[in-house]
Each structure stands twice: as structure tokens, then as C-alpha cells.
Amino acid sequence: MNEKLEMIVKQIYKDMREGNIPKVELKSRNRDNIIFDPRTSVWKYGNSTVKRYASKASSAKGILKMLYIIDFVDEMEAGLKTSTLREMYYISEGWNLGKFESQDESDLMVEDLEVMTNYLREEMRLRPEESGASVIGNLTLTELNRKGEKKRINCRDDVGDAGYTIPYNVEKEKIDLVSSDVDFVLAIETGGMFDRLVENRFDEKMRSLLVHTKGQPSRSTKRLLNRLNKELGLPIVVFTDGDPWSFRIFASIAYGAIKTAHISDILATPTSEFIGITASDILRYDLPTDKLSDKDVEALRSELEDPRFNIPFWKGEIETMLKLGKKAEQQALAKYGLDFVTDSYLPEKLKENGII
Amino acid sequence: MTDFNAERKEVSISEFFDKNKQMLGFDSPQKALFMTVKEAVDNSLDACADKAILPTITVKITELGKEKYRVEVEDNGPGIPRTEVENSFGKMLYGSRFFQERQTRGQQGLGISAAILYAQKTTGFPTEIVTKVQGELTAFHFVLDIDIRKNSPHSISVTPEIWDVEHGLKITITLKGRYVSGKQSVEEYIRETALANPHSAFHLILPDKSLEIERSINTPPEIPVSVKPHPHGVEMGELISIFRENEEKTIESVLEEKFSRVTKQTAKLLVEKSGLKNKKISQMTRDNFEDLMNAIKETEFMEPRKDCLSPIGAEGLFKSAMNSFKDYHPAYFSQPVIRGPFVFSGHPFLVEAIAIYGGDLPKEEPIKVLRFANRVPLLYQSGSCAITKAISSIAWNQYGFSQPVKDQIPVGPLIIAVHIASTKIPFTSEAKEAVATVPEIMDSLDILLKGVARQIKTMKKKEAHKNQVEEKFSLIEQILPQISMKSSKILNLEPPDIKPIISKVMGVVAFREMDGELFAENFTEKVQNFKVVLKGEEQFVDKVKNLKPFQKVKLNFSKEIISSSEIYVDLPEPVLLGAYSLPKVFDNE
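Chains A and B, in that order, give the protein sequences.
According to our numbering, the first sequence is numbered sequentially starting from 258.
According to our numbering, the second sequence is numbered sequentially starting from 453.
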């Protein structure tokens, strides 16, 4: 049995044996206890902890539910199974008083367990619903498939035009990064742009690895980017739409997100570079735009307060966008033809940023 | 009558009907179907009430075609003698003005004859009536329509028929209508009618469903007494008619004999005041009547008799509310509150109400208000009704209900049923769908509703206690034992004893209701002595001595008292669960 999970159960049992009200202790997930660590440039948990005592029905039920999850993980381990978070939520129907009221509740409790044990949910054999994003480029890796065989895959030569699909678990026991022959990784927000770059063979022409983030990237996509950076020393370049929400996609790739503050170390890649679309690009390339909505403006204003954007580059870009009152999509570059993005825009921007 | 006149009359009655469709309630196919059922059912209930019969009424609606329906209403009432059938059902504008004040539901003016005429106009079908009176061997089957020219009923055929009941009446009307379910539907009308008439039973056969509503009580209401009109309650036209019908008498004697609360002396005084001494009634002009009316207004009389009203009554309201709303599994029924009789403008009235709270009633929607006037449900014009306004004007937050908009209906899982009974309900219009905001009625409704709301407040507090108690007991009886089982199973160890943990998480004397009985259980580490006071309308006391840790005792109160009282105990708040700490004031009592 997983050691740290077992420790949680032992603590509960010991409390009861000694005639005390059983409890669990975990890092406070209060917003106040999530701090931006300037040393590593990622979101992290502070030091305050909370104890949940089984003296109230609601927190006692929480403890019971946690015991059920631990037992369930243990069972899956014995049977070499995995389950989606949603499947576990449905399985909890049979857990008497340990039944979850909603999937949000069960997802949150899995995060609690991650925070308490420093295990990833993937290591607890629990995975998210959505499929991972795609990768195309000259990267060779091995994946442990369901037959238990290590399958060697080159992400340019062994895959179709849709690319290699990132599995939910990209930890070492599942994926081994063997070698690459590229100069950088380009993480792309939209599918339309990803397909454009694939069709234009940008991966070959510019010696790059293309990763489609499918909007806000999933944990496994961020984890893969983190490993590509750490293990293969590849710079990560982020290419998104030019609006406040896309800026947040970059921030979450580079500095992590509040929800996953307990695993920022392995998910965030603080050296990532944002290449565009910037507010300055809108002016410089005279791009077709849309008006900022009230929500956009609100989001930009709150980004001005966000420590992740507290550098002159971002301050300048956000303020410019507010002044313009405009936003632009990646595909607005097509104004100058289908090849403009691969022949002119990206090479120019990459050079300016010192990537090539 | 010349042909010319007959034609004129036809035009005028047809026109009258068309122009007054709205007033008569036949302004849309949906409402026409509703009104037809309503008129027939109201007639049945009135007929039964006159003879103190427990009504059993069957309503059947059959769809014959597009917007064409057959309505059949059958009752076990006294039936109508063969010779009176035509007049009772057929005559438009045929009113019986006996100048008696009496609480009746049949105030819809043209009533059933309007329904018959509407059916005839829209489908061409005559109305069929089967009636049997006590003692006759057969029933009689009438096929009847209205001769519009003569404003009189016309029997197409009368045939004897075997009907195996002692007495009763069955009416079949085929009309253009539209059947709807839900709000303002026939079903809603019948359900609410059953609520206001707990002594009646209904069988309902509708196009989309059938249902049975059982009788909630087995005693018919007392037959309302007729009383002479009170001088303050009489209107000009009525006054004139009463005098015209008694022209052979003197003004003084008409005043004394035909009105209530008028003594010989007062009658004399009135005649003097209005300058009508020695005047003959046949000589009285409109001005004379106006003088008399003014004199009446300026004179004080004894209040009208009040014993002529027929409330639904506490027992009836409670039992029919239980019966009507059982499907919602309400947490609580208030005790019915009845206020009055009071008087407005010479008419006695009383108000009564019951509230139903919690269970499966919707929590996020405006509360449901059921309005009744003389046992007839009011389904339309809710916004302009005195009952709705009286409810809206209460500050509901004081009673634990939110009122998103001030002076609007509050939100919460609550039904309030309010009945106004009077010899004359002051409706806002001829359609008789809403009660006017007469100050005397508004005042009495305000006090009435606050009485009901207070009970709900007490109940909500009780419910909060109950939830606390249930939660704590589920913790010690279920959750903690399961934590113990589960953790020991995972670790493959013996389950630990949780008794010491129970006294730690509880540390209280808990008061818990189980099957209506009240139990006290000591979860503290000390022996406890205490006094329990149950406070509702009255106050009841029980004492407990020497209750040892983990010991449980049943308290000596009846289930009825427990369900309607708050629990107070002379222990400090921190060691109490499911009860209030007894304030010092109570202690001295």
C-alpha cells in the first residue's frame, strides 16, 4: 500500500484508539496561503495548515470519504486498474455515507490528497476525463502501453498529421523522453493555427516541436512541457491569441495556477517565453481586431494586479491593449496570406526574442 | 308580445351575453370549460348543503373533438322536483331575490344558465339533466335548451329513467372549450374546493387523468341561518325593492319587520328624521328613499347577527389540509386560526387560515396562497385581492421568510389557505374573482395571518433544532462507527471502541423526537437533574432526576404537545442539544 496514504489512515486509527476525535491535517487551501514564490517564479502553498476534526457531521463525512478513496486506490493498485475522476465519482454511489454529492466535491478531495501526500493523482491511478493535447516534431520517446510493452515513437515520422496524443500520465514510469533534434518547443493555443503550422511544415523548417495546448492546457500537457524543458533543455515558446484569457494560458504554463499550487514545481516552466499575439503586434502588423468586451477589460485590469504579470513587458502590453480597446486572434495573421505566419511573423518574432 | 318585441329581446339577451362574457366568466374557451364545471359543482354543493347531505360529486370531462368537450357533473344531492327543473336551469336573468342575508356560494349571478346558454351558442347541443328526488320511483331525463326570444327554458323531451340512487342530479353540457392542466385548471379548482369543503368527496375523470378525493370529515356543515338584512348593509336598489313589495304596509312597520336590529322606536325615529311621516309607500319618490337612506346611515344600530356564518372550522381545515397536501410530505401543519365574526358595512364576516410548511414544497419559489370566499376557491385576479395584499404587506423576514421585493409575496416552502365567510363578500368586480380591500377585512386578515406566521416561525426553529439533533446523532450512530470500521479494515486491525469519542463530540444532554415521543439522553460525563418545559399555546413541565451518563429517558408529554411546542430545559446552553436553555422568567412561573 502507498506509504503516505497509509499514514493518513494510521493517524485516524491512532486517534480513535486513544479515545480522541479523529482528524486529518492538510495545507490550508485558503487563498491567503497560496503565495507567488519570487525565487522560483511559481505559485506555491504557504505554511499554514488546517486540521479537520470529525466532531461535526460534515467534516466527519469528509474523513470517511477520504478513507473510501484511499481504499479504492489500494484496490486499483492490486488490480492494476486506473479510473477517471468521473468513474470514481460514480463508484462512490456505493460508499454509503461516503458517497460524494457532486464530482466537484470528489475532484477537490483528490486534490486534497495530492496536497497531503505530494503524490500526483495520476500516481493514485486517477485520471481526468479530457484527452491530452497533440505533439508533432522530431522528438523520440517511449510509452509504456497497456500490454506492458515499451513502445518507441518518433513524433514526426511515426504519427499522422494529427500528431502524437499526450496521455493523461506523462510521468517517467509511463513516458521516457529519449532524444530530440529540435531547437525549441512551440506551444500553440488554437487548433486552426496548429494545423496551419503542421501543413506549412514549420516543425521541419524551423527545427521545432509543435504542441497544441487545446486552449487552457491540461495538467499532462503542462507536465510534458515542464519535462521537455528540464530534461531535454528545450526552450518553451508560447503562441496564443492576443486577448486577456490567452495571456492567462501563458501565465499558467509559465508560473502555474492557483488550483495546482501544490504541484507548481513539476507543472510550471518559469523560463517560458510569450511570443504573441501581443498588443504591440496588433499595431505593428495592423491586424484585424475585435472590440474588448466589459469582461475582457475587467480581466486585463485584474491581470495588472496579478504578481505573475508584474514585469515591465506585461505591464506595457496590458496597458497598450486597454488603451487600444482591441484584441486579435492568431488567425488574424492570415490577412497577409496563409504562409505569412510561418514565413514572416514567427521567424521575425523568434529572432527578436533570441530563440533563433 | 309582438314579433318586433320578441326580436328585440333576442338581440338584447344575446348581446347582453356577448358583452358580458368577461363578467360571466366565459371570455375564453379555457375559462368557459372551467366556469361550466364550477357552476355545476357549486350548485351541487349548495343543494347538498341545504339538506345537510354529505356530497359525493363526480366530474367527468370528455374530449369530443377539437375544442369540443362534454362536461358531466353528478351529485347525490336532493335532486330537483320535475316541475321546477326548467326554471332552475333554464331561465336567463332569473334571480330569486328574497332579501335575506345568508352565506351562500352561488353568487355568480346567472350561474348555470349562463353555462347552458354558452354551450347552446357554441355547439348547438342542448343540456341534459337527470334528476331523482327522494320517494319517487324513477328519475326524469330532461333534454333542455333556452328559448332566447322568450328568455325561458324549453324542454325538448322529458322521459322517465331508471337510476339506482335515492336522490341525485346529473347534468351534461356539451360546449366549446379548452382543457388545460396545472394552474387555473379544473383539477386545481376541484382540489381547492375539496379543501374548503372537507365534508365532500370527489371523483374526477379528466381527459388526461383520473383521481379520487376522499372526504376529510364526516359531518356536514350546519345549514347557515337566514337573517333579515341589516340596515347598514342595504343598498339603494334593494331598499326600494323591499318597500315596493310591501306597499300595503306602513314605512315604520316595513323598517321594523323586514330589517334586523330595527326596533319600533328606531323605526319611528327614522321616519321622522327623513320627513316621511304619514307618507304611503306607494307615494314614495326616489328622493324620499334617498332621505330615508341618509337617515339610516346617520343612525346607529346594534351590530348584525353573526351566527349566520359557516366557517370551515378548525377540525375541517386541519383534516382537509392534511388530506390535500399529503403528497408534499409537509414538515408541519399550523393549527388553524379563526378570527371573527366582525362586521363591515352591516355585514358580518369571519376569516380563517391554515399554513402548511416544508417537506417537498419548493424552497425557491413564492409561497402558495390559496384564497377562498364562502368556501369557493378564487383562482383568478390574485394580485388585486385583499388576501394577497394582506399577505404581501406583512414583514416576512420577521418570520424567517425572504421577501425579495418589499410588499410582495414572500419566498419559501409554504402554503397559506385563507377563507373569508360573509353574508356579502365585497368582491372587486362582478366577476367575483377577488375580494376588495375593505379596511375591516384587511385588519382582521393582518392579525389572522400573523397568528399563522408565528406558528411557522416556532416550527422553523424547531426544525433547526431537529436538524442539529439529527446531524449529531448521525455522526455518533453512523459516521464515526463507519470511520472506525473502514480505517481498521484498511489497516487490518481491530475496530477501536468509540464510546469515549462519542462523549467527547457530544458533551450534551440531547433531546430527540422519535416516533412523536420525546427522549432525553445524557452524553455528558456527569449525572444530570433537570426540568423540561414545553411551551406552545400552553406550558407543560416534566422533571428528570439522576440521569446517568449514556442513559436515556422518555419524557412524559403527549405527542400532540411535543409536536406543537418549543422545548426549554433548565440547563446551560452549551450542554443542551435540541432544546433551549430555560430563561429565568420561565423559571419563576
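Virtual Cβ for every residue (Gly too), placed ideally from N, Cα, C.
Bear in mind that the values here come from a model prediction, so they are computed numbers and not experimental data.
In whole angstroms, what is the alpha-carbon distance linking residue i and residue j?
| i | j | result |
| --- | --- | --- |
| residue 280(A) | residue 311(A) | 6 angstroms |
| residue 591(B) | residue 902(B) | 51 angstroms |
| residue 343(A) | residue 471(A) | 21 angstroms |
| residue 578(B) | residue 606(B) | 10 angstroms |
| residue 867(B) | residue 828(B) | 17 angstroms |
| residue 476(B) | residue 571(B) | 13 angstroms |
| residue 262(A) | residue 375(A) | 10 angstroms |
| residue 628(B) | residue 806(B) | 37 angstroms |
| residue 433(A) | residue 447(A) | 27 angstroms |
| residue 971(B) | residue 996(B) | 11 angstroms |
| residue 531(A) | residue 851(B) | 58 angstroms |
| residue 461(A) | residue 474(A) | 24 angstroms |
| residue 723(B) | residue 491(B) | 42 angstroms |
| residue 395(A) | residue 499(A) | 28 angstroms |
| residue 465(A) | residue 609(A) | 17 angstroms |
| residue 569(A) | residue 264(A) | 46 angstroms |
Would residue i pass as a contact of residue j if the rule is Cβ separation under 8 angstroms?
| i | j | result |
| --- | --- | --- |
| residue 524(A) | residue 486(A) | no |
| residue 495(A) | residue 507(A) | yes |
| residue 587(B) | residue 526(B) | no |
| residue 994(B) | residue 979(B) | no |
| residue 583(A) | residue 548(A) | yes |
| residue 1016(B) | residue 717(B) | no |
| residue 324(A) | residue 266(A) | yes |
| residue 766(B) | residue 748(B) | no |
| residue 301(A) | residue 521(A) | yes |
| residue 824(B) | residue 648(B) | yes |
| residue 877(B) | residue 870(B) | no |
Taking the beta strand (DSSP E) that residue i falls in, what are its first and last residues?
| i | result |
| --- | --- |
| residue 521(B) | 520-527 |
Using a Cβ-Cβ cutoff of less than 7 angstroms, which residues in the same chain neighbour residue i once the five nearest sequence positions on both sides are dropped?
| i | result |
| --- | --- |
| residue 640(B) | 831 |
| residue 719(B) | 704, 707 and 708 |
| residue 453(B) | Since pLDDT at residue 453(B) reaches only 36, below the 50 mark, its modelled position is unreliable, and the value read off the structure follows with that caveat. Contacts found: none. |
| residue 841(B) | 889 |
| residue 548(B) | In this predicted model, residue 548(B) has a pLDDT of only 40, less than 50, meaning its place in the structure is not dependable enough to derive any value. |
Within a Cβ cutoff of 6 angstroms, which residues of the same chain sit near residue i, ignoring the five residues on either side of it in sequence?
| i | result |
| --- | --- |
| residue 269(A) | 279 |
| residue 545(B) | In this prediction, residue 545(B) has a pLDDT of 47, which is less than 50 and means its spatial position is unreliable; what the coordinates show is noted afterwards. So the list is empty, once near-sequence residues are dropped. |
| residue 968(B) | 1011 |
| residue 607(A) | 613 |
| residue 233(A) | Because chain A is modelled from 258 through 613, residue 233(A) falls outside the range shown and cannot be assessed. |
| residue 698(B) | 706 |
| residue 744(B) | 726 |
| residue 768(B) | 650 and 669 |
| residue 632(B) | 482 |
Between which residues of its own chain and residue i is the CB-CB distance below 8 angstroms, once the five residues before and five after are set aside?
| i | result |
| --- | --- |
| residue 937(B) | 947 |
| residue 612(B) | 590, 591, 592 and 593 |
| residue 1033(B) | 1020, 1021, 1022, 1023, 1024 and 1025 |
| residue 450(A) | 496, 587, 588 and 598 |
| residue 596(A) | 457 |
In this structure, what does DSSP give as the bridge partners for residue i?
| i | result |
| --- | --- |
| residue 754(B) | None, per the DSSP bridge assignment. |
| residue 665(B) | 654(B) |
| residue 983(B) | 995(B) |
| residue 887(B) | 879(B) |
| residue 447(A) | Looking at the DSSP assignment, residue 447(A) forms no beta bridge with any residue, so it has no partner. |
| residue 1024(B) | Its beta-bridge partners do not exist; DSSP assigns none. |
| residue 581(B) | 594(B) and 623(B) |
| residue 509(B) | 654(B) |
| residue 1018(B) | 987(B) |
| residue 802(B) | 873(B) |
| residue 966(B) | 969(B) |
| residue 533(A) | 496(A) |
On the DSSP letters alone, give me the boundaries of the alpha helix (DSSP H) that residue i sits inside.
| i | result |
| --- | --- |
| residue 569(A) | 569-581 |
| residue 504(A) | 501-512 |
| residue 373(A) | 360-374 |
| residue 381(A) | Premise fails: residue 381(A) is in no alpha helix (DSSP H) and is neither H nor E. |
| residue 604(A) | 603-609 |
How about residue i: is its Cβ closer than 7 angstroms to a heavy atom in the ligand FAD?
| i | result |
| --- | --- |
| residue 839(B) | Of ligands this structure carries none, so the ligand FAD is not represented either. |
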